[in-house]
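Top line first, the protein sequences correspond to chains A and B.
The numbering used here puts the first residue of the first sequence at 357, with every later residue one more than the last.
The numbering used here puts the first residue of the second sequence at 10, with every later residue one more than the last.
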Amino acid sequence: MAVESKPSALSRVASDPVSRRKLLAVTGGSTALAAFLAACGSDSDSTTSTMTAGGGGGATGTEKFGKGDVGILNYALTLEYLETAFYEDVVKSGLFKGSDLATIRKFGSEEAEHVKALTGFVKQMGGKPAPKPKTEFPLKSAKSVLELAATVENLGAAAYLGQAPNIKGPSTLAAALSIHSVEGRHAAALNTLLGKSIVPDGAFAKPAGAEEVLKSVEPFIVG
Amino acid sequence: MSDQILAQPELAAIQIDEDSEDLSRSDVILKGALAAGAIYGAVAVGPFVGRALAMAESGDVGILNFALTLEYLESAFYEEAKSRAGASGDLKSLINTIARDEEEHVGALTETIKKLGGKPVAEPKFDFPYSGTGGFLKLAQTFEDTGVSAYNGAAPQIKAKEVLEAAGSIVQVEARHAAAIALQNGAEPAPVAFDPALSEAKVLKAVEPFIK
Chain A
357 MAVESKPSAL SRVASDPVSR RKLLAVTGGS TALAAFLAAC GSDSDSTTST MTAGGGGGAT
417 GTEKFGKGDV GILNYALTLE YLETAFYEDV VKSGLFKGSD LATIRKFGSE EAEHVKALTG
477 FVKQMGGKPA PKPKTEFPLK SAKSVLELAA TVENLGAAAY LGQAPNIKGP STLAAALSIH
537 SVEGRHAAAL NTLLGKSIVP DGAFAKPAGA EEVLKSVEPF IVG
Chain B
10 MSDQILAQPE LAAIQIDEDS EDLSRSDVIL KGALAAGAIY GAVAVGPFVG RALAMAESGD
70 VGILNFALTL EYLESAFYEE AKSRAGASGD LKSLINTIAR DEEEHVGALT ETIKKLGGKP
130 VAEPKFDFPY SGTGGFLKLA QTFEDTGVSA YNGAAPQIKA KEVLEAAGSI VQVEARHAAA
190 IALQNGAEPA PVAFDPALSE AKVLKAVEPF IK
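See below:
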């Protein structure tokens with residue numbers, strides 16, 4: 357019973373200090389943020405190998421947020437700002453109590469951590485972090501809010517998946533991936549609460565391009 | 010196909026490593042080299058092809074075979090769990106969903122490896138030491154979280170864009186499984202804001218006890 361005699365896999369995974377390419381050393385919580393940025397910040401010199409996946413000069417749809425990886429990170433930052441604001445509003449709305457409220461708070465705090473990490477990242481790469489958008493969300497009933505939350509999270513996961521192959525720096529890619537799977541977890545948890553399939557696309561999650569994503573969130577951005 | 014026809018005469022003249030037979034000419038890196046060979050002549054690209062083959066072997070194909078091993082494990086685990094985990098209701102249908110996903114991942118990875126000219130690893134025999142639904146859930150959590158971290162650790166080393174897309178689309182599904190299993194376990198579906206990455210060596214060490 358090798359597994360049962362040890363702490364959970366997750367705590368073992370989380371305490372694994374460094375992957376072989378020093379990509380991530382994240383254990384969560386605010387103290388991990390500095391380590392996260394330190395571990396991920398080596399792309400700023402941008403000597404991007406031609407063998408690195410993605411890039412290729414194709415349009416990513418994130419150009420208006422900046423060039424290359426900075427543009428992609430700022431696009432992600434904008435989405436994370438939106439998610440953070442959404443959860444803050446939901447907590448304030450008083451529509452949720454108990455374990456659902458705890459889940460919403462937890463997810464909201466994780467989105468806030470993503471905002472911090474991405475902001476730090478953009479700065480480390482010499483870019484200017486995208487501004488926080490002004491947002492407004494329809495918060496009518498618990499059910500409709502959960503549905504909106506699921507929509508936003510599924511979209512967020514698809515947005516990261518859509519950009520991953522465009523990212524040039526391996527460290528930036530590692531960071532995006534570590535956020536991407538957390539968005540996937542959020543999406544699945546919310547789908548579960550709603551009694552929906554945890555894998556709406558089946559065995560292979562579908563990516564979403566920036567244009568589609570930005571169009572979907574447009575109604576919630578008021579300035 | 011057209012590449013093969015075009016490149017065939019050059020290919021015969023290029024010195025290729027002995028163990029490169031199982032690498033097809035459809036490999037993305039090799040393709041570029043062969044196209045260059047058609048223009049600049051076989052001699053000039055000979056060394057590059059050798060390097061490209063070496064990279065494909067230890068690179069994307071290696072990563073995909075590593076992922077395939079994990080998917081074999083998960084697939085076998087959930088297939089067996091259908092009759093062994095003592096599940097009912099929501100958990101039962103969750104197991105069916107995950108079993109289907111993992112089986113599809115095995116199929117997709119096998120195909121991709123073949124397309125890259127690699128040889129898919131054989132399925133190992135597994136032994137899962139657990140009893141009851143609780144034991145199943147605990148082990149399932151281990152496998153899903155390890156799977157997420159394994160893909161997140163390996164993905165930045167992937168060279169071909171298409172392979173990275175496939176890995177990304179699979180890892181998101183693994184993360185979704187992990188969250189759903191956690192909820193069944195009464196645990197946090199997303200315990201940390203950044204999923205950790207795990208090296209191949211660490212992952213293999215974690216799953217070793219389950220391989221006969």
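No residue lacks a Cβ here, since even glycine has one placed at the ideal position from N, Cα and C.
Please read these numbers as outputs of a predicted model, since none were measured by experiment.
{"Item": "Euclidean distance between Cα positions of A/V501 and A/V508", "Value": "10 Å"}
{"Item": "The region 440-455 of chain A contacting the region 487-495 of chain A, beta-carbon criterion three pairs below 8 Å", "Value": "yes"}
{"Item": "Cβ distance (whole Å) where B/L77 is taken to contact B/V130 below 8 Å", "Value": "6 Å"}
{"Item": "Bridge partners - A/I554, DSSP secondary structure assignment", "Value": "A/I554 pairs with nothing; no bridge assigned."}
{"Item": "Where the alpha helix (DSSP H) through A/D456 begins and ends", "Value": "G454 to Q480"}
{"Item": "Cα-Cα separation between A/V578 and A/A415, rounded to whole angstroms", "Value": "26 Å"}
{"Item": "Residues near B/K134 by beta carbon distance below 7 Å, same chain, minus five either side", "Value": "K221"}
{"Item": "Spatial distance of A/L474 from A/L429 (CA atoms)", "Value": "6 Å"}
{"Item": "Environment of B/D110 [buried if 16+ CB atoms lie within 10 Å]", "Value": "buried"}
{"Item": "Cβ contact check for the region 158-170 of chain B and the region 523-539 of chain A: 3 or more pairs under 8 Å", "Value": "yes"}
{"Item": "Classification of B/G127 by the beta-carbon crowding that lies within 10 angstroms, buried from 16 upward", "Value": "buried"}
{"Item": "Per-residue burial, B/D69 [other beta carbons within 10 Å of its own, 16 or more giving buried]", "Value": "buried"}
{"Item": "Residues that DSSP places opposite B/T78 in a beta bridge", "Value": "Note: B/T78 sits in no beta bridge, so no partner."}
{"Item": "Close beta carbons around B/N161, own chain, < 8 Å, minus the five adjacent residues each side", "Value": "V180, D204, P205, A206 and L207"}
{"Item": "Beta-bridge pairing of B/I220 - partner residues as DSSP gives them", "Value": "B/F135"}
{"Item": "For A/G491, the residue or residues it bridges with in DSSP", "Value": "Per the sequence presented here, residue 491 of chain A reads as Thr, with Gly not at that position. Per DSSP, A/I577."}
{"Item": "Cross-chain neighbours of B/T106 in chain A, by beta carbon under 8 Å", "Value": "S553, I554 and V555"}
{"Item": "Top-ranked residue by Cα proximity to B/H186, from B/E132, B/A215 and B/T106", "Value": "B/T106"}
{"Item": "Segment contact, 8 Å Cβ cut-off, at least three pairs: the region 80-92 of chain B with the region 532-545 of chain A", "Value": "no"}
{"Item": "Local conformation of A/G450 per DSSP, three classes", "Value": "coil"}
{"Item": "Beta-carbon neighbours of A/L550, restricted to chain B and to distances below 9 Å", "Value": "Neighbours of A/L550 on chain B: none; closest Cβ ~12 Å, over 9 Å."}
{"Item": "Beta-carbon proximity check, A/G424 vs A/E567, cutoff 7 Å", "Value": "no"}
{"Item": "Beta carbon of A/Y437 nearer than 7 Å to that of A/F421", "Value": "no"}
{"Item": "Own chain residues within Cβ distance below 8 Å of B/T119, not counting five before or after", "Value": "L77 and P129"}
{"Item": "Chain A within 7 Å of B/F203, Cβ atoms only", "Value": "yes"}
{"Item": "Close Cβ partners of A/G464 (< 7 Å) along its chain, the five nearest in sequence each way excluded", "Value": "T440, Y443, E444 and V447"}
{"Item": "Under 7 Å between C-beta atoms of B/G144 and B/L79", "Value": "no"}
{"Item": "A/S572 at chain B interface by Cβ criterion, 7 Å", "Value": "no"}
{"Item": "Spatial distance of B/E209 from A/K484 (CA atoms)", "Value": "35 Å"}
{"Item": "Span of the alpha helix (DSSP H) around B/T151", "Value": "G141 to A163"}
{"Item": "Neighbour list for B/D136 in chain A, Cβ cutoff strictly below 9 Å", "Value": "Under the 9 Å cutoff, chain A gives no residues; its nearest Cβ is about 11 Å from B/D136."}
{"Item": "Beta-carbon neighbours of A/K524, restricted to chain B and to distances below 9 Å", "Value": "Result: empty, since nearest Cβ-Cβ is about 11 Å, beyond 9 Å."}
{"Item": "B/V115 at chain A interface by Cβ criterion, 7 Å", "Value": "no"}
{"Item": "A/K472 to B/S140 span [Cα, whole Å]", "Value": "43 Å"}
{"Item": "DSSP three-state assignment for B/A108, whether helix, strand or coil", "Value": "helix"}
{"Item": "Close Cβ partners of B/L173 (< 8 Å) along its chain, the five nearest in sequence each way excluded", "Value": "A164 and I167"}
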